[in-house]
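**Q** Before I ask anything, here is the structure I am working with.
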Amino acid sequence: MELVPRECLILESVIQNFIETANPVGSRLIAKKLKMCLSPATVRNVLMDLEDKGLLYQPHVSAGRIPTDQGYRVFVDKLMKRVKLSSPEKKRIQENLDGIVQNVDVILIRASQVLGEISKQLGVVLAPRFFQGVCENIKLINMSENKILVVISIKSGLVRTIIMEIATSVSDERLEGTARFLNERLCGLTLREIKESIDQRLKDVGEGDIGLIKLIINSADDLFDFDEHQVFHFGGTHHIVGQPEFANQNRAMKILELIENKRNIIVHVLNECLTNSISIMIGGENNIESMKDFSVISSTYRLGDITGVLGILGPTRMQYAKMIALVDYMADSMSDLLNRGNIN
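Going by my numbering, the first residue of the sequence shown is number 44, and it counts up by one from there.
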């Protein structure tokens with residue numbers, strides 16, 4: 044959509060004022076703010092043009108204007124000035140992330156809390172999708188006559204250990220042969236590929252214990268399931284329900300129901316944030332009905348060769364420039380922290 048310079052200035056001013064105050068914006072205020080020798084009548088005519096183009100709307104005849112989802116989209120794509128987080132905000136993020144226990148779940152919980160605190164919106168963090176992880180090494184260790192320890196490492200640095208019960212004991216030599224066979228056939232594949240095709244890949248046993256290999260095939264869904272950490276963390280719930288948009292009880296119930304029904308958010312974020320770039324979904328652009336009053340700004344972070352998603356969810360009236368900068372910086376900080384090693 045093409046806008047003339049005057050329309051751009053007035054649209055930007057309306058949106059900035061509405062973001063700051065949550066009140067409909069009138070022509071007199073815009074004329075005063077812009078100081079361009081524009082009369083309120085001239086501004087009013089431009090506002091009507093912007094309304095005709097679907098970028099603004101008037102809640103009722105005597106009210107000022109409010110941005111539509113399409114108006115916010117034009118603002119974000121064409122008018123908004125990009126900003127960087129302030130040094131104190133960056134320091135706050137680093138202080139909250141540095142020095143905490145090197146555990147994925149603890150880091151993700153802290154990240155969601157920091158996102159919520161700084162944004163005053165709902166901070167959301169989805170754990171890495173471990174099914175993308177590439178198997179690097181499999182070890183089998185005798186623990187007793189009827190128990191072996193299975194150690195599976197993926198390239199991101201995560202390690203999964205499981206104790207398996209076996210019907211008959213297996214010698215250390217045959218156990219080593221079984222581990223070699225498993226590594227030859229399975230290493231270099233993603234966990235998803237292994238779970239989907241392990242019976243075909245291991246059907247011609249070259250060496251090792253046939254009974255143990257059959258047990259591993261039958262137990263593949265559990266053995267190669269790193270997704271016990273596949274959870275969704277929230278931070279800042281009390282901040283988002285305090286926004287003016289949720290003073291209305293029905294609207295407040297909407298956001299609380301959305302938070303309770305986590306799966307909707309998970310599916311949405313996963314479907315819409317598939318690259319390393321920032322994803323910005325505004326109001327009706329969301330493909331979930333219950334989210335059409337909200338905006339989501341999200342990005343991916345990396346743990347080795349696997350990705351997770353983090354972001355901010357809030358009303359369409361939000362400080363987009365700052366929220367984008369926050370999500371971008373948090374994603375980079377998370378990737379740096381998670382790839383330092385010693386993560387479990």
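Where a beta carbon is used, it is the ideal one built from N, C-alpha and C, also for glycine.
1) How far does the beta strand (DSSP E) with residue 323 in it extend, from its first residue to its last?
2) Take residue 107 and list the residues in its own chain whose beta-carbon comes closer than 6 Å to its own, dropping the five residues that flank it on each side.
3) Should residue 194 and residue 255 be called a contact, given that it needs their Cβ atoms to be closer than 7 Å?
4) Among 327, 168, 298, which one has its Cα closest to the Cα of residue 281?
5) Among residues of its own chain, excluding the 5 on either side of residue 132, which ones have a beta-carbon nearer than 7 Å to its beta-carbon?
6) According to DSSP, is residue 67 helix, strand or coil?
7) What is the rounded straight-line gap between the Cα of residue 53 and the Cα of residue 137?
8) Could you spell out where the beta strand (DSSP E) holding residue 180 opens and where it closes?
9) Any idea what DSSP makes of residue 380, helix, strand or coil?
10) Please list, in chain order, all residues of the same chain as residue 114 whose beta carbon is under 6 Å from its beta carbon, the five residues on each side excluded.
11) Taking buried to mean at least 16 other C-beta atoms within 10 Å of its own C-beta, is residue 80 buried or exposed?
12) Just tell me which of 359, 342, 358, 357 has its CA closest to the CA of residue 351.
13) Quick one: what does DSSP say residue 342 is sitting in, helix, strand or coil?
14) Tell me whether residue 192 sits in a helix, a strand or coil according to DSSP, three-state version.
15) With distances taken Cα to Cα, identify the nearest neighbour of residue 360 among 382, 369, 368, 286.
16) Roughly how many whole angstroms lie between the Cα atoms of residue 167 and residue 220?
17) Using the DSSP secondary-structure output, state which residues sit across from residue 351 in a beta bridge.
18) Give the C-beta separation of residue 333 and residue 357 to the nearest angstrom, bearing in mind that I take them to be a contact with Cβ-Cβ under 8 Å.
19) Excluding five sequence neighbours on each side, which residues of the same chain lie with their C-beta closer than 7 Å to the C-beta of residue 83?
20) Just to confirm, is the Cβ distance from residue 77 to residue 56 under 7 Å?
21) Checking 7 Å against the spacing of the C-beta atoms, do residue 252 and residue 228 come in under that value?
22) Roughly how many angstroms lie between the CA atoms of residue 302 and residue 207, to the nearest whole one?
23) Using the three-state DSSP reduction, which class does residue 20 fall into: helix, strand or coil?
24) Where do the ends of the beta strand (DSSP E) carrying residue 224 lie?
25) How many whole angstroms separate the CB atoms of residue 164 and residue 58, which I take to be in contact at a CB cut-off of 8 Å?
26) Give me the Cβ distance between residue 176 and residue 234, rounded to the nearest whole Å; I'm assuming they're in contact under 8 Å.
27) Could you pull out every unbroken alpha helix (DSSP H) segment of at least 4 residues lying fully inside the region 125-177, listed in chain order?
28) How about residue 294 and residue 300: do their beta carbons lie closer than 7 Å?
**A** Once the coordinates are examined:
1) Residue mapping note: residue 323 aligns to position 280 of the sequence shown, counting from 1. Unbroken beta strand (DSSP E) run through residue 323: 322-325.
2) Residue 107 sits at position 64 when you count from the first residue of the sequence shown. So the list reads 67, 68, 69, once near-sequence residues are dropped.
3) Translated into the one-based positions of the sequence shown, residue 194 becomes position 151. Translated into the one-based positions of the sequence shown, residue 255 becomes position 212. No, the pair does not count as a contact, with Cβ atoms beyond the cut-off.
4) Locating residue 281 in the sequence shown gives position 238, counting from the first residue. With distances taken between Cα atoms, residue 281 lies closest to 298.
5) Numbered from 1 along the sequence shown, position 89 holds the residue referred to as residue 132. Within the same chain, residue 132 has close Cβ partners 161.
6) Along the sequence shown, one-based indexing puts residue 67 at 24. DSSP places residue 67 in coil when its eight states are reduced to three.
7) The residue given as residue 53 occupies position 10 in the sequence shown. The residue given as residue 137 occupies position 94 in the sequence shown. Using only the alpha carbons, I get a separation of about 38 Å.
8) Indexing the sequence shown from 1 puts residue 180 at position 137. Where residue 180 is concerned, the enclosing beta strand (DSSP E) stretches over 178-187.
9) For the purposes of this step, residue 380 is taken as residue 337 along the sequence shown, with counting starting at 1. Correct three-state label for residue 380: helix.
10) Reading the sequence shown from its first residue, position 71 is the one you call residue 114. Excluding sequence neighbours, residue 114 sits near 98, 99.
11) Here residue 80 corresponds to residue number 37 of the sequence shown, with the count starting at 1. Burial call: exposed.
12) Mapped onto the sequence shown, residue 351 falls at position 308. The residue with the shortest Cα to Cα distance from residue 351 is 342.
13) Counted from its first residue, the sequence shown places residue 342 at position 299. Reduced to three states, the DSSP call for residue 342 is strand.
14) Here residue 192 is taken as the residue at index 149 of the sequence shown, counted from 1. It is a strand residue.
15) Counted from its first residue, the sequence shown places residue 360 at position 317. Residue 286 is the option with its Cα nearest to residue 360.
16) As a first step, residue 167 must be located in the sequence shown, where it is residue number 124. As a first step, residue 220 must be located in the sequence shown, where it is residue number 177. Their backbone Cα atoms lie some 45 Å apart in a straight line.
17) Locating residue 351 in the sequence shown gives position 308, counting from the first residue. Bridge partners of residue 351: 344.
18) On the sequence shown, position 290 is the one that residue 333 refers to. On the sequence shown, position 314 is the one that residue 357 refers to. Not confirmed; about 14 Å, so no contact.
19) Numbered from its first residue, the sequence shown carries residue 83 at position 40. If we look at residue 83 and ignore the five residues flanking it on each side, its Cβ neighbours are 70, 71, 74.
20) For the purposes of this step, residue 77 is taken as the residue at position 34 of the sequence shown. For the purposes of this step, residue 56 is taken as the residue at position 13 of the sequence shown. Yes, these two residues count as a Cβ contact at 7 Å.
21) Locating residue 252 in the sequence shown gives position 209, where the first residue counts as 1. Locating residue 228 in the sequence shown gives position 185, where the first residue counts as 1. Not in contact: residue 252 and residue 228 (Cβ atoms no closer than 7 Å).
22) As a working note, residue 302 is residue 259 in the sequence shown. As a working note, residue 207 is residue 164 in the sequence shown. Rounded to whole angstroms, residue 302 to residue 207 spans 38 Å at the Cα level.
23) Any question about residue 20 goes unanswered here, given that the chain covers just 44 to 387.
24) Indexing the sequence shown from 1 puts residue 224 at position 181. No beta strand (DSSP E) contains residue 224, which is instead part of the alpha helix (DSSP H) from 215-229.
25) Residue mapping note: residue 164 aligns to position 121 of the sequence shown, counting from 1. Residue mapping note: residue 58 aligns to position 15 of the sequence shown, counting from 1. Incorrect: roughly 17 Å between the Cβ atoms, too far for contact.
26) As a first step, residue 176 must be located in the sequence shown, where it is residue number 133. As a first step, residue 234 must be located in the sequence shown, where it is residue number 191. That pair is a contact at about 5 Å.
27) 130-140, 147-162
28) As a working note, residue 294 is residue 251 in the sequence shown. As a working note, residue 300 is residue 257 in the sequence shown. It is not a contact, given that the beta carbons lie outside the stated cut-off.
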